[in-house]
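Numbering (the working numbering), first residue to last: 642 to 1029.
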């Protein structure tokens, strides 16, 4: 099948499928870990792909090619103009790029319901839009004109998209349009083996991973639950990883005034590659977010056999954790419940190894790249046959 993918990618992640790379090519791209993995898995299934993406460093149309992969890159503005014109420059480029490749495409799959989706819809090529977040939730969290613009773009896509899929049941329930649920894939090299209980005398390294210190991410509950257990069990350390969790940053200084930060480490933002390496030293993942449209860090932890704790009412989290079979579910408003869940995993070999094994099984059954690629291919074929 000849498939178009419209969305943010990282060229360096796809270098094995590209030829005649020039200086600077591998630095291009705005991210999109799940999309990079999907592109690779669709290529491994024998398909031919054309990727349509954007980067602020590219000023005019730029193409990089390999045997079965072509990446077409346009300009992404960093100025506020894109807020005023609803990313017109961006989605018009995507529309034009897709239209120029129409003879090489059976279908286009746009990821996120903004400029990439608008461009795909306006191109007139059969399309599928993958929803990956809920714009009203983001606007509520980040009250900024740009986010209001994004909300209007998202609502336009909701109305105009022919075929839709979601990366979680929670997101489908919020958006309320018919569509399949296809979760984010995990790369095969991220999947390891189940863990054995490290022993009560072991220093347990508990990780909290989030981008943003805010009410949604709820880091204070993680710190409170950890400190409550610290009064009983000394051999523990809490590691806070992500943007806004920098050592000596403003949130660190505020937390110093409110909490005992002994054995609590602020690591700040790290690359995805480094994060996966850091997880090798993680014994438990503590995820106290109040709401998630997916939750990549939970899946990545389960893939390494790390027992996880998540919120029983935190958006997609219960669905990700298979209703509590693959991880402990708690009330993230309650430091006492967080304390109890941590204590169970630290003091019980049986429970620690059970959740390590069940979490890994959950990943192998639901989130491998081959599984996700086949689900997408089935969706593409169905959409082409039905005209939806």
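Virtual Cβ for every residue (Gly too), placed ideally from N, Cα, C.
It should be emphasised that the depicted structure is a prediction, and the values quoted were computed from it without experimental measurement.
Residue i lies in the alpha helix (DSSP H); which residues open and close that run?
i, result
"residue 674", "674–685"
"residue 895", "891–899"
"residue 999", "990–1007"
"residue 648", "Note, residue 648: premise wrong, no alpha helix (DSSP H); not H, not E."
"residue 940", "937–944"
"residue 909", "Where residue 909 is concerned, there is no enclosing alpha helix (DSSP H), although the beta strand (DSSP E) it sits in stretches over 905–909."
"residue 798", "786–801"
"residue 730", "729–741"
"residue 751", "Per DSSP, residue 751 belongs to no alpha helix (DSSP H); it is in the beta strand (DSSP E), 748–752."
Measuring only the C-alpha atoms, how far is residue i from residue j?
i, j, result
"residue 925", "residue 950", "8 angstroms"
"residue 1030", "residue 1000", "Residue 1030 lies beyond the stretch modelled for the chain, which goes from 642 to 1029, so this question has no answer here."
"residue 789", "residue 753", "16 angstroms"
"residue 745", "residue 818", "30 angstroms"
"residue 716", "residue 827", "29 angstroms"
"residue 775", "residue 816", "7 angstroms"
"residue 888", "residue 857", "21 angstroms"
"residue 660", "residue 972", "50 angstroms"
"residue 736", "residue 952", "40 angstroms"
"residue 657", "residue 981", "46 angstroms"
"residue 898", "residue 891", "11 angstroms"
"residue 689", "residue 706", "11 angstroms"
"residue 997", "residue 836", "6 angstroms"
"residue 725", "residue 784", "16 angstroms"
"residue 764", "residue 1008", "31 angstroms"
"residue 769", "residue 674", "19 angstroms"
"residue 936", "residue 1027", "32 angstroms"
"residue 652", "residue 913", "15 angstroms"
"residue 751", "residue 923", "34 angstroms"
"residue 718", "residue 786", "16 angstroms"
"residue 798", "residue 825", "20 angstroms"
Within 10 angstroms of the Cβ of residue i, are there 16 or more other Cβ atoms? Answer buried if so, exposed if not.
i, result
"residue 915", "exposed"
"residue 867", "buried"
"residue 1092", "The structure shown does not extend to residue 1092, since the chain is modelled only from 642 to 1029, so the question has no answer here."
"residue 852", "exposed"
"residue 830", "exposed"
"residue 793", "exposed"
"residue 672", "exposed"
"residue 791", "buried"
"residue 771", "buried"
"residue 697", "exposed"
"residue 665", "exposed"
"residue 668", "exposed"
"residue 756", "buried"
"residue 732", "buried"
"residue 842", "exposed"
"residue 945", "buried"
"residue 738", "buried"
Looking only at C-alpha atoms, which of the options sits nearest to residue i?
i, options, result
"residue 901", "910, 887, 911, 872", "872"
"residue 849", "801, 920, 1014, 896", "920"
"residue 727", "654, 760, 774, 899", "760"
"residue 821", "805, 832, 811", "805"
"residue 934", "838, 967, 779", "779"
"residue 681", "795, 1027, 918, 1010", "1010"
"residue 885", "911, 865, 870, 904", "911"
"residue 1024", "843, 749, 676", "749"
"residue 648", "642, 975, 692", "692"
"residue 947", "650, 930, 975, 917", "917"
"residue 860", "838, 896, 874", "896"
With residue i as the anchor, note down where its beta strand (DSSP E) starts and where it stops.
i, result
"residue 848", "845–850"
"residue 807", "805–807"
"residue 880", "877–882"
"residue 927", "925–927"
"residue 711", "710–716"
"residue 951", "949–952"
"residue 968", "Where residue 968 is concerned, there is no enclosing beta strand (DSSP E), given that its DSSP letter is neither H nor E."
"residue 689", "689–696"
"residue 861", "Unbroken run through residue 861 is the alpha helix (DSSP H), 860–871; no beta strand (DSSP E)."
"residue 703", "703–706"
Roughly how far, in whole angstroms, is the beta-carbon of residue i from the beta-carbon of residue j, given that I think they are within contact range, below 8 angstroms?
i, j, result
"residue 906", "residue 878", "7 angstroms"
"residue 813", "residue 762", "Their Cβ separation, rounded to whole angstroms, is 19 angstroms, which puts residue 813 and residue 762 out of contact at 8 angstroms."
"residue 956", "residue 941", "17 angstroms between Cβ atoms; not a contact."
"residue 1075", "residue 881", "The displayed coordinates of the chain run from 642 to 1029. Any statement about residue 1075 would go beyond what the structure contains."
"residue 729", "residue 714", "Contact flag wrong, Cβ pair sits at about 18 angstroms."
"residue 808", "residue 823", "7 angstroms"
"residue 679", "residue 1017", "7 angstroms"
"residue 1014", "residue 710", "Residue 1014 to residue 710, Cβ: 14 angstroms. No contact."
"residue 863", "residue 979", "7 angstroms"
"residue 650", "residue 676", "5 angstroms"
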